[in-house]
Every structure is written in C-alpha cells, then in structure tokens.
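**Q** Encoded as structure tokens, here's the structure I'll be asking about.
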Amino acid sequence: MAALHLEGKALQWHQGFIKVRGSIAYLDWGAYVGAITARFGSNAFEDPLADLRNLKQVSSLQDYLDAFDEIYPKAGIREDQALSFFLSGLVDELQMPGETKKKLSKELNSLMTCLNDDGLFHVEGREATAYLYSVAVQEQVELEQQQKSWPDLNNLLLTYNDLFQEPKTLPPKRVHDHRIVLKAGSSPINIRPYKYAAEQKDAIEDMIADIPTLPPVSHIQDAYPQAILDRRMVKRHNAAATQLLIHWRGLSPADASWEYADELQARFPTFLEDKESDGRGS
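Letter by letter, the sequence shown follows residues 222 to 503 of my numbering.
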C-alpha cells in the first residue's frame, strides 16, 4: 500500500529497500517507517549530541538555559552527562574547575538521600524542612467496552438479514433500466491506459482480488443502430453535412438521436452498407 503513494526518489528508495530486505521487509512496519524517516525526514541530518556539545553561552544565562532545554531531550544522555555539557558551555566567568564540578554533582545527588522520614535535613548546622512531592501514575488498564444493545435495532437487523448481506450477484432486473445515452454528435470516450510501476501494479491487483467477484455481464450490450427514421442536411464547419435520425436497438423511437452520417459510418460501417443495399434492392 505504501508504494502507491511514492514517486521519484522515494519510490526508487522503496524498491532498493524491498530488494535488500526481501519478503521480511513487509513484516516490520515500524522498521520501514524508521528507515524512510531517517532517509527523507526533516531531521535526517540532525545530530543533537553534537549540537549539545558545541552549545556555548553567548548572551544571557536564561537564553543559554532555554537553548539547552530544547536540545537536551533529543540527545538521549544521562543526567550527569547533561550537567557536564551544561557547565562546560558557560562563559569563562562562570566556569569552575573539574573537581568543583564533581563535588557539585555529588552534593546534588546526596541532597535527596539526606532527606529523612520527617523531611528534615541540616544545612550548615541549621535545621530545614524539605517537601518531596510525587505524582503517582496509575497504570492504565484497557477494559473491554461493553457493547450497547438496542432491542429495536437488533430486531430490525434480524428481520431484514438478507438485505444486509454482502452482495454476490447483480441487482434484480427492474421495470425500466436507465441507460446513459451520449448527446447527439458526441464521439465515444477514448482514454489511453495508464501504466503503473510494478510495485503499484501488484498492490492494485491485491486490492482488486479482495473485491467480491460478480458474475459476468452478458445481457448488457452496447447500443447499436436499428433503423434510420429520418435524414437532414445541416451546416458543419462551413460545409454541408448529412445527419441521420437513428433508432437505437433496445430503445424506443422516442430515444432516437441525430448522428452525423460520416461518424456513424466510422463507428458502424456495416450498418449503412446494409441500408444502402436494401435501398438498391427495393
């Protein structure tokens, strides 16, 4: 299905991906999405870790912190590594020796471990109180949604069960079958077939194979001229042309239409020949 929406370089990449992976390429949709996103995605050439390593403070500390917060979640590194990147990007006035960085990191880590059950810890001999808030995330459990029941609707579906079945045949024949009749003087539709790529063609054939198979239509035939009811001379392209009032087979005389004789000769050559031979014989 994905090949139907690809063209150009994307379709070329898809063909190479399928050729290399083989039949297993269709088994893992996540791998396919990841591969095509890595090739054509807007962030295909981004390197968050390199951006984080090269990030330096050039203006205020708040601007530097905002830029750091934007890149840090994309880098996928540990918190201690992020702290090292953050401190190394500060301006020289805020820089500190490596040992001080380690000490600061240890103090930040030990800060949480100093909390006792009462939330008390000591800072420079003074007793302070810290409040630790936690958000309990309850695991979401999918419950089977109970299907609502409507007795009236169920009785209706049961009564007309045959009408809701998947159709296997053509509709029943009606008293009057409506047909699409071309306007007088219009030529039959002639559209060149469209050629699909091999992968798109296979996908379309699979989709068509899933459509319920209906019996061939044998009783429907194209309209064929039955008789000439009248004729007239008209002007066409600054020249005289003959128009024939044609009674079509299977239709009533009221549905007769005016057709140009030359176009009718091109579409039904044997019809006019038979009519001319009948006229000479009589």
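For glycine and all other residues, C-beta sits at the position ideal for the given N, C-alpha and C. Small disclaimer: the values here were computed from a predicted structure and weren't measured.
By a C-beta neighbour count over all protein chains shown, 10 Å radius and 16 as the cutoff for buried, is Q233 buried or exposed?
**A** The residue is exposed, with fewer than 16 neighbouring Cβ atoms inside 10 Å.
**Q** Do V402 and S473 come within 8 Å of each other at the CB atom, strictly closer than that value?
**A** Cβ distance not < 8 Å, so S473 and V402 don't count as in contact.
**Q** For Q283 and H235, what's the separation of their Cα atoms in angstroms?
**A** Near 45 Å, if we compare the C-alpha coordinates of H235 and Q283.
**Q** Is Q447 closer than 8 Å to W469 when the C-beta atoms are compared?
**A** Yes, Cβ-Cβ distance for W469 and Q447 is below 8 Å.
**Q** Please check the pair L311 and I292, which I expect to be a contact at CB under 8 Å, by giving their CB distance rounded to whole angstroms.
**A** Contact flag wrong, Cβ pair sits at about 15 Å.
**Q** For the segment 443 to 474, list the beta strand (DSSP E) runs that are entirely contained and at least 3 residues long, ordered along the chain.
**A** If we require 3 residues or more, the beta strand (DSSP E) runs fully inside the segment 443 to 474 come out as 446 to 457, 460 to 469.
**Q** Just verifying my parser: in three-state terms, what is the DSSP assignment at S478?
**A** Here S478 sits in strand by DSSP.
**Q** Closer than 6 Å by C-beta to L493: which residues in its own chain qualify, once you throw out the five before and the five after it? Chain order, please.
**A** Within the same chain, L493 has close Cβ partners Q486.
**Q** Within 10 angstroms of the Cβ of I467, are there 16 or more other Cβ atoms? Answer buried if so, exposed if not.
**A** The residue is buried, with at least 16 neighbouring Cβ atoms inside 10 Å.
**Q** Can you check which of these residues, L391, F289, V396, R457, is closest to F307 by C-alpha distance?
**A** When only C-alpha atoms are compared, the closest one is F289.
**Q** Under three-state DSSP, which class holds L504?
**A** It is not possible to answer for residue 504, since the shown part of the chain is limited to 222 through 503.
**Q** Please look up how many angstroms separate the CB atoms of E480 and A419, rounded, as I've assumed it's under 8 Å.
**A** The Cβ separation is near 43 Å, so there is no contact.
**Q** Ordered along the chain, which non-local residues of its own chain (more than five positions away) have a Cβ less than 7 Å from that of A231?
**A** So the qualifying residues of the chain are F261.
**Q** Sort F385, L227, L270 by Cα distance to I525 and report the nearest one.
**A** The chain is shown only over 222 to 503; residue 525 falls outside these bounds and no answer can be derived.
**Q** Taking the straight line between their C-alpha atoms, what separation do you get for G471 and Y417?
**A** If I take the Cα positions, the gap works out to 38 Å.
**Q** Count the other C-beta atoms from every protein chain shown that fall within 10 angstroms of the C-beta of Q464, then say buried if there are 16 or more, exposed otherwise.
**A** The residue is buried, with at least 16 neighbouring Cβ atoms inside 10 Å.
**Q** Tell me whether the beta-carbon of A460 lies closer than 8 Å to the beta-carbon of M454.
**A** It is not a contact, given that the beta carbons lie outside the stated cut-off.
**Q** Do K240 and P269 have their CB atoms nearer than 8 Å?
**A** No, the Cβ-Cβ distance between K240 and P269 is not below 8 Å.
**Q** Determine the direct distance from the alpha carbon of R452 to that of D182, and round the result to whole angstroms.
**A** Outside the shown range of the chain, which is 222 to 503, sits residue 182, and nothing can be said about it.
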